[in-house]
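> In UniProt numbering, the protein residues as written are 1 to 509.
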């Protein structure tokens, strides 16, 4: 009842007994939960910070896997043998089926005498099931050299999550010095010189994912919950747009880089064979249903977008940014999303994506806005909102990341008219570590709140959001940490907001 994803491209077979060191240094993960199954992931890397994880790159290694109904793995319900192929960085992706809906399971891998950590996962409810609650964690942006992943340690301890939604910037492409920047590594912790380079090659991207996954807090969060992931820009290059490089690389050169980055991403994420890249292209947008309560539409706002208007950055809007032909999603993905709105019978329709959806102005009247976010693509945003209204979507929620701050925002029919209709709500989650410690209150807080009355909450600490959907309301609990540049930060809830079903608009909980 499973399909092990593999392309048998390596010539040599290596027995698990020949693996002389623990190969499960990067942990385990599960993802993309369906009512009858999930994807299980691991990667064999006995020496994770070496090329090919310290394994011969041309070999295939058998890896046993098992799924159980109990934490001690005594009641095995599914199992089999997958192949870790050197062509895929010895990663393993197992599409497990035949599981019961809305059920917690535990899983592990074996390779020779080595056993992986035990992971916990959960399937989605059956289609049309009467679901009373869905809880997810929302997180993004974990720049390794700007802080520790303590937020993920706390996320791992959120016991009753159905899934974690990671909305981009899992790695960053910048160079990392021997001290790992803000982490301040010394002695044996110091990083090898290979990390002190910008990423452009497959080997470089692979090593960067391996570095991130050596963080115990990231491994714990993956082992604790199934993840639904999407990428933003830094998995390839800052603010790239489709085949356009921010650094003005020739198109063919940039697409080779994008192909390497996409391949390394798939190799290190709990994704299905359907998401395996083909050269510089990959199908990452997809949807997940949770009974009759929630439908998640996961977008890719990088691969198909028009180039940023006016040279990117914060600019005054004008004819170039307001061109109705411009798109953030591409025509095919936009049609897929709008078709999904029309077909959906879920109470809550949730768009899971990367960049800020609502308008964010710096001053009253004509003001600069971000050309990289939906503000730089207003016609594209209008088509999404009009499509939702035409489809009768009464409870629209957008989940976002990217900007390293928390926001609770009302989605307005006309953002420049506070009296206009509220069409839904947007929850923006802050970063795990990007942006260092952040601040208690941003310098521009008072001005932002004054000129953007649809913004109900704005904070700049590190953390994540716990989002709870019920038949009555959606609730956002904004978790924050006081610091990220040293380990061990406590977590607290800085604010909580709710939006009632059928009455969109955030109010304090």
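Glycine residues also receive a C-beta, built at the ideal position from the N, C-alpha and C atoms. If you're wondering where the values come from, they're calculated on a predicted model, not measured in any experiment.
What's the gap between the Cα of residue 303 and the Cα of residue 75?
Locating residue 303 in the chain shown gives position 303, where the first residue counts as 1. Locating residue 75 in the chain shown gives position 75, where the first residue counts as 1. Using only the alpha carbons, I get a separation of about 43 angstroms.
> Exposed or buried, what is residue 316 when buried is set at 16 or more other beta-carbons lying within 10 Å of its beta-carbon?
Residue numbering aside, residue 316 sits at position 316 when the chain shown is read from its first letter. Residue 316 is exposed by the Cβ-count criterion.
> Starting from residue 426, trace the beta strand (DSSP E) in both directions and tell me its first and last residue.
In the chain shown, the residue the question calls residue 426 occupies position 426. Counting along the chain, the beta strand (DSSP E) containing residue 426 begins and ends at 422 to 428.
> Sorted by chain position, which residues of the same chain lie with C-beta nearer than 6 angstroms to residue 409's C-beta, five sequence neighbours on each side aside?
The residue you call residue 409 lines up with position 409 of the chain shown. Same-chain partners within the cutoff: 358, 426, 454 and 455.
> Beta carbon of residue 424, beta carbon of residue 397: below 8 angstroms?
Counting from one through the chain shown, the residue named residue 424 turns up at place 424. Counting from one through the chain shown, the residue named residue 397 turns up at place 397. Yes, the pair counts as a contact, with Cβ atoms nearer than the cut-off.
> Check whether the Cβ of residue 74 lies closer than 7 angstroms to any heavy atom of the ligand FAD, and answer yes or no.
Absence of the ligand FAD is noted for the structure shown, with no ligands found whatsoever.
> Is the distance from the Cβ of residue 61 to the Cβ of residue 119 below 8 angstroms?
In the chain shown, the residue the question calls residue 61 occupies position 61. In the chain shown, the residue the question calls residue 119 occupies position 119. Contact flag unset, no.
> Which residue marks the beginning of the alpha helix (DSSP H) containing residue 207, and which one marks its end?
As a position in the chain shown, residue 207 is number 207, starting the count at 1. Its alpha helix (DSSP H) spans residues 202 to 213.
> If the criterion is Cβ atoms closer than 8 angstroms, does the pair residue 42 and residue 92 meet it?
The residue labelled residue 42 in the question sits at position 42 within the chain shown. The residue labelled residue 92 in the question sits at position 92 within the chain shown. Cβ atoms of residue 42 and residue 92: closer than 8 angstroms.
> Which runs of the beta strand (DSSP E) fall wholly inside the UniProt domain "Phospholipase D N-terminal" (26 to 123) and span at least 3 residues, in chain order?
28 to 34, 37 to 43, 59 to 68, 76 to 85, 91 to 96, 104 to 111 and 119 to 122
> Quick check on residue 173: buried or exposed, where buried means 16 or more other Cβ atoms within 10 Å of its Cβ?
Taking the first residue of the chain shown as position 1, residue 173 is located at position 173. When all chains shown are included, residue 173 counts as buried.
> Determine, using beta-carbon pairs with one atom in the segment 344 to 363 and one in the segment 222 to 236, whether at least three such pairs fall under 8 angstroms.
Counting Cβ pairs under 8 angstroms, three or more are found: they touch.
> In terms of residue numbering, what span does the beta strand (DSSP E) encompassing residue 410 cover?
Counting from 1 along the chain shown, the entry for residue 410 is found at position 410. Counting along the chain, the beta strand (DSSP E) containing residue 410 begins and ends at 406 to 412.
> Going by DSSP in three states, residue 6 sits in which element: helix, strand or coil?
Position 6 of the chain shown, counted from the start, is the residue given in the question as residue 6. Note that residue 6 scores a pLDDT of 42, beneath 50, so its modelled location is shaky; the value from the coordinates is reported in the next line. Coil, per DSSP.
> Assign residue 498 to buried or exposed, taking buried as 16 or more other Cβ atoms, counted over all protein chains shown, within 10 Å of its Cβ.
The residue labelled residue 498 in the question sits at position 498 within the chain shown. Counting Cβ neighbours within 10 Å, residue 498 comes out buried, since at least 16 surround it.
> Quick check on residue 247: buried or exposed, where buried means 16 or more other Cβ atoms within 10 Å of its Cβ?
For the purposes of this step, residue 247 is taken as residue 247 along the chain shown, with counting starting at 1. Label assigned to residue 247: exposed.
> Between which two residues does the beta strand (DSSP E) carrying residue 455 extend?
Residue mapping note: residue 455 aligns to position 455 of the chain shown, counting from 1. Membership of residue 455 in the beta strand (DSSP E) is indicated by the continuous run 455 to 469.
> What residue from 167, 153 and 19 has the CA that sits closest to residue 90's CA?
In the chain shown, residue 90 corresponds to position 90, counting from 1. The residue with the shortest Cα to Cα distance from residue 90 is 19.
> Check whether chain D comes within 8 angstroms of residue 147, counting only Cβ atoms and requiring the distance to be less than that.
You won't find chain D in this structure, because it holds only one protein chain.
> Could you have a look at residue 176 and say whether DSSP puts it in helix, strand or coil?
Counting from one through the chain shown, the residue named residue 176 turns up at place 176. It is coil, neither helix nor strand.
> Using a Cβ-Cβ cutoff of less than 7 angstroms, which residues in the same chain neighbour residue 313 once the five nearest sequence positions on both sides are dropped?
Indexing the chain shown from 1 puts residue 313 at position 313. Closer than 7 angstroms at the Cβ level, and outside the excluded window around residue 313, lie 371.
> Looking at the secondary structure, which residues open and close the alpha helix (DSSP H) in which residue 336 lies?
In the chain shown, counting from the first residue as 1, residue 336 sits at position 336. Element bounds for residue 336: 331 to 343.
> Please report the distance separating the alpha-carbon of residue 255 from that of residue 500.
Translated into positions along the chain shown, residue 255 becomes position 255. Translated into positions along the chain shown, residue 500 becomes position 500. Cα-Cα distance, rounded: 44 angstroms.
> Reducing DSSP to helix, strand and coil, say where residue 1 ends up.
Position 1 of the chain shown, counted from the start, is the residue given in the question as residue 1. Low confidence applies here, because residue 1 scores a pLDDT of 49, under 50, leaving its location unreliable; read the following figure in that light. Residue 1 falls in the coil class under three-state DSSP.
> Measuring CA to CA, which of 338, 305 and 296 is closest to residue 163?
Indexing the chain shown from 1 puts residue 163 at position 163. Nearest of 338, 305 and 296 to residue 163, Cα basis: 296.
> Taking contact to mean 3 or more Cβ pairs, one atom from each stretch, closer than 8 angstroms, check whether the segment 140 to 152 and the segment 472 to 491 are in contact.
Yes: the two stretches touch, three or more of their Cβ pairs being nearer than 8 angstroms.
> Tell me whether residue 228 sits in a helix, a strand or coil according to DSSP, three-state version.
Within the chain shown, the letter at position 228 stands for residue 228. Reduced to three states, the DSSP call for residue 228 is strand.
> Could you check how far apart the C-beta atoms of residue 493 and residue 133 are, in whole angstroms? I think they sit under 8 angstroms.
For this step, residue 493 is matched to residue 493 along the chain shown. For this step, residue 133 is matched to residue 133 along the chain shown. Between residue 133 and residue 493 the Cβ distance is about 18 angstroms, and since that is not below 8 angstroms, they are no contact.
> Can you grab the Cα-Cα spacing for the pair residue 4 / residue 213, in whole Å?
As a working mapping, residue 4 is identified with position 4 in the chain shown. As a working mapping, residue 213 is identified with position 213 in the chain shown. Legend: pLDDT at residue 4 = 45, less than 50; position of this residue unreliable, value from coordinates given subsequently. The alpha-carbon atoms of residue 4 and residue 213 are separated by roughly 22 angstroms.
> Within 10 angstroms of its Cβ, does residue 344 collect 16 or more other Cβ (buried), or is it exposed?
Against the chain shown, residue 344 aligns to sequence position 344. Residue 344 is buried by the Cβ-count criterion.
> I'd like to check one pair, residue 433 with residue 237: are the Cβ atoms closer than 8 angstroms?
Stepping through the chain shown from its first residue, residue 237 is reached at position 237. Stepping through the chain shown from its first residue, residue 433 is reached at position 433. In this structure, residue 433 does not lie closer than 8 angstroms to residue 237 by Cβ.
> Excluding sequence positions up to five away, which residues of its chain have a Cβ less than 6 angstroms from the Cβ of residue 59?
Residue mapping note: residue 59 aligns to position 59 of the chain shown, counting from 1. Taken in chain order, the residues that qualify are 10, 12, 14 and 86.
> Tell me where the beta strand (DSSP E) around residue 290 begins and ends.
Against the chain shown, residue 290 aligns to sequence position 290. Start and end: 286 to 290.
> Counting C-beta neighbours from all protein chains within 10 Å, is the total for residue 449 16 or more, i.e. buried, or is it exposed?
Reading the chain shown from its first residue, position 449 is the one you call residue 449. Looking at its Cβ environment, which holds fewer than 16 other Cβ atoms inside 10 Å, residue 449 is exposed.
> First and last residue of the beta strand (DSSP E) that includes residue 504?
On the chain shown, residue 504 is found 504 positions in, with the first residue counted as 1. Counting along the chain, the beta strand (DSSP E) containing residue 504 begins and ends at 503 to 508.
> For the beta strand (DSSP E) containing residue 129, list its first residue and its last residue.
The residue you call residue 129 lines up with position 129 of the chain shown. Taken as a continuous stretch (DSSP letters only), residue 129 belongs to no beta strand (DSSP E), as it is neither H nor E.
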